[in-house]
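These notes concern the structure reproduced below.
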Amino acid sequence: MSAPGPDDPDRPPLPFRNCPTCGELDLRRERARADYDRSAETDANVLLRKHRREAHDR
């Protein structure tokens, strides 16, 4: 069995360095976590995955 990769849907997506949009979505996710707002955290994860696919082809 192999270890899960960075694009594993069961793990939070990783932001790309030096990408302002990734950074903003990561910050949104961190704020949601700090507020214990799991719905907003999930929304940020979905948006970050979508952005990664569209902007970074991953």
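Residue numbers 1 to 58, in the UniProt record's numbering, belong to the letters of the sequence shown in order.
Glycine included, C-beta positions come from ideal geometry on N, C-alpha and C.
- For A40, same chain residues with a beta-carbon under 6 Å away, outside a window of 5 residues either side, are A32 in chain order.
- Residue burial annotation: P20 is exposed, with fewer than 16 other C-beta atoms found within 10 angstroms of its C-beta.
- Counting only the Cα atoms, R11 lies some 16 Å from C22.
- Taking the C-beta atoms as reference points, R29 is found no nearer than 8 Å to N18.
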